[in-house]
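What follows is a set of notes on a single structure, which appears directly below.
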Amino acid sequence: MGLVDALGAAGLALSLAHFAFPLAYYAYLKARWLGRPWGLRLDPGYRPRVTVVVPTYMERGLIEGKLENVYEQDYPRELLEVLVVDGASGDGTAEAAREWAGRHGDLRVEVVVEPARRGKAPALNEALRRARGEVVVVTDADSLWPRSALSEAVKWLSDERVAAVSCLKLPGGGTVPGVEEAYRGFYNTVRLAESKAWSTPVFHGELAAFKRGFLEEIGGFPTDVGADDSYTAVAAALAGLRAITPDGLACVEYVPGRGYAAWRTRRAQHLVQSFAKALRRLRGSRAPGRFKAVLLAEAYLHLVNPWLLLSAAALLAASAAAGMVLPAAALALGALLLLYKPYRAWVATQAFLVIAMVRNLWTKELVWRKQGKS
Numbered sequence: 039m040g041l042v043d044a045l046g047a048a049g050l051a052l053s054l055a056h057f058a059f060p061l062a063y064y065a066y067l068k069a070r071w072l073g074r075p076w077g078l079r080l081d082p083g084y085r086p087r088v089t090v091v092v093p094t095y096m097e098r099g100l101i102e103g104k105l106e107n108v109y110e111q112d113y114p115r116e117l118l119e120v121l122v123v124d125g126a127s128g129d130g131t132a133e134a135a136r137e138w139a140g141r142h143g144d145l146r147v148e149v150v151v152e153p154a155r156r157g158k159a160p161a162l163n164e165a166l167r168r169a170r171g172e173v174v175v176v177t178d179a180d181s182l183w184p185r186s187a188l189s190e191a192v193k194w195l196s197d198e199r200v201a202a203v204s205c206l207k208l209p210g211g212g213t214v215p216g217v218e219e220a221y222r223g224f225y226n227t228v229r230l231a232e233s234k235a236w237s238t239p240v241f242h243g244e245l246a247a248f249k250r251g252f253l254e255e256i257g258g259f260p261t262d263v264g265a266d267d268s269y270t271a272v273a274a275a276l277a278g279l280r281a282i283t284p285d286g287l288a289c290v291e292y293v294p295g296r297g298y299a300a301w302r303t304r305r306a307q308h309l310v311q312s313f314a315k316a317l318r319r320l321r322g323s324r325a326p327g328r329f330k331a332v333l334l335a336e337a338y339l340h341l342v343n344p345w346l347l348l349s350a351a352a353l354l355a356a357s358a359a360a361g362m363v364l365p366a367a368a369l370a371l372g373a374l375l376l377l378y379k380p381y382r383a384w385v386a387t388q389a390f391l392v393i394a395m396v397r398n399l400w401t402k403e404l405v406w407r408k409q410g411k412s
């Protein structure tokens, strides 16, 4: 076999490996775990005091709607408080939050303004120091909850083994890219199945509920990675507790109308940071074997598998340029499949992950430029 033949064969093999693993993992999760019962002991009468934390930066156009969304929850209002922690916004976000609070005296709302923007995790830790609730629920200003979201999240925390609960995600906003809609369908199935296996290592800022005692035990939210919600969920699982995304709890996540690629890249950077840190803590943890398998699979999918696709494309292109027919046909098929929305979503996700890993070499994007959402 000549060099050109070897390049083409290697490219085809890497392509097969790249697509085979995620498809096998998805099929395994669906067949083995998705239909399984939760195995939890839930108390429908569990009603702890809840602190809802809304970290904000330049959210004047959204903060009143978000506070109204929390106010409309069916959770007992006397057991609820809201902490808005604003990162020195220059658009009047804090003032708008205070004005809203003044019109809703039956809900305890505290607005904390930081002297400078420090990033999300420091804001969350400031809120944790002030929180009175037994449960701390973090939520982004640019998201919407169903009316029963708080009650539903708290219900799952009634089991002593559950330390953290997040939500499934539905993309919203005026202009949702087609790749985002396709991406979320597969994504939510995986999160749910992983949760039933034991825990999912990916949490969501739209709704992330934690037992305050657990947060205090681990010293609060991590300030060295951007995915503070996901890494905190991993920390729970590594401690032998459960961090789950249940069925029946879906929140709307606004997708940027502009700056979509930068938004996706930053989120990918933060997940990459979380997985890299989690792998260093895996040895000697109290997590059950089935969560360790989930964490390793997700770390491979986020840290290694995207490079296989890039390498395969480069090898196939080189051999196709040298006149090899099969590699050229494989590239043509890949280009044609981009018309199929789920495939296009997958390829886009791989591209964002590769760019994210490269960007992490010089910036972690812990304090980032805000993308506008509507």
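Once you know that position 218 of the sequence shown is 256 in this note's numbering, the rest is easy, because the numbers rise by one and skip nothing.
For every residue, glycine included, the Cβ atom is placed at its ideal position computed from N, Cα and C.
Problem - Whole-angstrom distance between GLY125 and ALA351, CA atom to CA atom - result: 43 Å
Practice task
Leaving out five residues on either side along the sequence, give the residues of the same chain with a beta carbon under 6 Å from the beta carbon of LEU79.
Solution key: Here the sequence assigns Arg to residue 79, which means Leu is not the residue at that position. Cβ within range, chain order: ASP197.
Problem - Whole-angstrom distance between PRO365 and ALA149, CA atom to CA atom - result: Here residue 149 turns out to be Val, not Ala, going by the sequence shown. Distance between the alpha carbons of VAL149 and PRO365 is about 59 Å.
Problem - Run of the beta strand (DSSP E) containing SER189, from where it starts to where it stops - result: Unbroken run through SER189 is the alpha helix (DSSP H), 187-195; no beta strand (DSSP E).
Handout entry: Three or more C-beta pairs below 8 Å linking the segment 171-178 and the segment 276-286
Key = no
Problem - Those runs of the alpha helix (DSSP H) which lie wholly inside the segment 265-337 and span at least 4 residues - result: 266-276 and 298-320
Problem - Residue from HIS242, PHE224, ALA58 and ASN107 with nearest C-alpha to PRO380 - result: PHE224
Practice task
Spatial neighbours of ALA201 within its chain, please: CB distance less than 7 Å, with the 5 preceding and 5 following residues excluded, ordered by chain position.
Solution key: PHE248, LYS249, PHE252, ALA274, LEU279, ARG280 and ALA281
Handout entry: Buried or exposed by the 16-neighbour rule on C-beta atoms within 10 Å, applied to LEU45
Key = Looking at its Cβ environment, which holds 16 or more other Cβ atoms inside 10 Å, LEU45 is buried.
Handout entry: Helix, strand or coil at PHE224 according to DSSP, with G and I counted as helix
Key = helix
Handout entry: Pair within 8 Å by beta-carbon distance, TRP240 and LEU309
Key = The sequence given here places Val at residue 240; Trp does not occur at that position. Judged by their CB atoms, VAL240 and LEU309 are nearer to each other than the 8 Å cut-off.
Handout entry: Straight-line Cα distance separating ALA355 from LYS207
Key = 37 Å
Handout entry: Beta bridge counterpart(s) of ALA246 as assigned by DSSP
Key = VAL176 and SER204
Problem - Nearest-angstrom Cα separation, counted from THR238 out to ARG155 - result: Looking at the two C-alpha atoms, the distance is approximately 30 Å.
Handout entry: Per DSSP, cross-strand counterpart(s) of GLY210
Key = TYR292
Practice task
May I ask you to report which of helix, strand or coil DSSP gives PRO93?
Solution key: strand
Handout entry: Exposure label - TYR63; buried when at least 16 CB within 10 Å
Key = buried
Practice task
Return the chain-ordered ranges of every beta strand (DSSP E) run that is complete within the segment 85-169 and spans a minimum of 3 residues.
Solution key: 88-94, 118-124 and 146-151
Handout entry: Span of the alpha helix (DSSP H), counted from its first residue to its last, around ASN343
Key = Here the alpha helix (DSSP H) through ASN343 covers 343-359.
Practice task
Determine the DSSP secondary structure at LEU67, reduced to helix, strand or coil.
Solution key: helix
Exercise for the section: Could you tell me the distance, in whole angstroms, from the CA atom of LEU320 to the CA atom of LEU347? Expected result: Taking the straight line joining both Cα atoms gives about 27 Å.
Exercise for the section: Use the C-beta contact count for GLY212: other C-beta atoms within 10 angstroms, 16 or more gives buried, fewer gives exposed. Expected result: Any reading at GLY212 must be qualified, since the residue scores a pLDDT of 49, below 50, and its modelled position is unreliable; the value itself is stated next. GLY212 comes out exposed.
Problem - Identity of the residues DSSP links to SER181 by a beta bridge - result: Its beta-bridge partners are GLU291.
Exercise for the section: Taking all protein chains shown into account, decide if VAL426 is buried (16 or more other Cβ within 10 angstroms of its Cβ) or exposed. Expected result: The chain is shown only over 39 to 412; residue 426 falls outside these bounds and no answer can be derived.
Problem - Buried versus exposed call for GLY49 [16 or more other C-beta atoms within 10 Å across all chains shown] - result: buried
Exercise for the section: Decide if the segment 128-136 is in contact with the segment 97-112; the criterion is three or more beta carbon pairs, one per stretch, under 8 Å apart. Expected result: yes
Problem - 6 Å Cβ shell around ARG167 - same chain, five flanking residues per side excluded - result: none
Exercise for the section: Let me know if VAL203 comes out buried or exposed under the rule of 16 or more other beta-carbons within 10 Å of its beta-carbon. Expected result: buried
Exercise for the section: Please state if the CB of ALA165 and the CB of LEU100 are separated by a distance shorter than 8 Å. Expected result: no
Problem - Test item: CB-CB of SER53 and GLU97 under 8 Å - result: no
Problem - Cα-Cα separation between GLN311 and LEU371, rounded to whole angstroms - result: 33 Å
Handout entry: PRO184, buried or exposed, once every other Cβ within 10 Å from all chains shown has been counted against 16
Key = Result: buried.
Problem - Candidates ALA386, ALA161 and VAL90: closest to VAL123 by CA position - result: ALA161
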